[in-house]
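Residue numbers (the numbering used here): 266 to 459. Quick reminder that beta carbons are idealized off the backbone N, C-alpha and C, glycines included.
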Amino acid sequence: MNCDESRELILDVVYGEEVPSRSCFDFFKHLDSCPDCTSEYREFLSTREMLQSWQLEEPSAAESSVKSAARPWMQGRRFLLDSGSWWGMLQKVAAGVLILMGIASIFQHYGYLGGRKVMVSEQQLTEMVHDMIVVSQAQERRVIGQELIRFSEAVDLQRNQDLQDVYNNLVSLEQRYTDNLEENNRYLKALLTK
Numbered sequence: 266m267n268c269d270e271s272r273e274l275i276l277d278v279v280y281g282e283e284v285p286s287r288s289c290f291d292f293f294k295h296l297d298s299c300p301d302c303t304s305e306y307r308e309f310l311s312t313r314e315m316l317q318s319w320q321l322e323e324p325s326a327a328e329s330s331v332k333s334a335a336r337p338w339m340q341g342r343r344f345l346l347d348s349g350s351w352w353g354m355l356q357k358v359a360a361g362v363l364i365l366m367g368i369a370s371i372f373q374h375y376g377y378l379g380g381r382k383v384m385v386s387e388q389q390l391t392e393m394v395h396d397m398i399v400v401s402q403a404q405e406r407r408v409i410g411q412e413l414i415r416f417s418e419a420v421d422l423q424r425n426q427d428l429q430d431v432y433n434n435l436v437s438l439e440q441r442y443t444d445n446l447e448e449n450n451r452y453l454k455a456l457l458t459k
């Protein structure tokens, strides 16, 4: 098994999908001999464990009221990003374009569209479809990368806010401790002077 074949199986193995036993054996055998694939496999495992450790909190009433007061176009945009419906839409558009091209080719072949007949070989059509798939995959990777960057920025922002809250609470606690200490000293002085 080479690195490319290993990379194709890595997600199936990490998430426990059904993998033929021979392929699974070859995959782990390859991991023993390839430090790059082993490192990538461990990164996927740690990412999966980190994602499983996350706990979702129920939105507070304030968050619910903010979401309900949001503009409709923002809610629609958020739904589009959250639901992943853009990939299905992209597939439908690509299929529609191919169907229209096929119908146009048939009409032109039989002379309904006029002009000279253009024959597209099966190999050319296959190459064209392959090119369209490669372009759509590149666009998909770009969009996924952008969404991952946005997600990472949101996580960093939340972490910074949490750290700031902890710091503010510590400062407040220290101030209360100092105030209590001063008050205790006043009481002790008052008791000693009596």
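Residue i and residue j closer than 8 Å at C-beta
| i | j | result |
| --- | --- | --- |
| Phe266 | Asp291 | Residue identity check: residue 266 is Met in the sequence provided, not Phe. Yes. |
| Ala369 | Leu378 | yes |
| Gln289 | Val279 | The question names Gln, yet the displayed sequence has Cys at residue 289. Going by C-beta atoms, Cys289 is not nearer than 8 Å to Val279. |
| Glu405 | Trp319 | no |
| Met397 | Ala359 | yes |
| Ser304 | Leu355 | no |
Segment limits, alpha helix (DSSP H) that includes residue i
| i | result |
| --- | --- |
| Gly410 | 387 to 458 |
| Val284 | No alpha helix (DSSP H) contains Val284, which DSSP labels as neither H nor E. |
Contact test: residue i Cβ vs the ligand FMN heavy atom, cutoff 7 Å
| i | result |
| --- | --- |
| Gln320 | Within the structure as shown, the ligand FMN is missing, as the structure has no ligands at all. |
Worksheet entry | Three CB pairs or more closer than 8 Å across the region 296 to 310 and the region 268 to 277 | yes
Worksheet item: Which residue spans inside the region 295 to 322 form an unbroken alpha helix (DSSP H) run of at least 4?
Response: Runs of the alpha helix (DSSP H) inside the region 295 to 322: 300 to 318.
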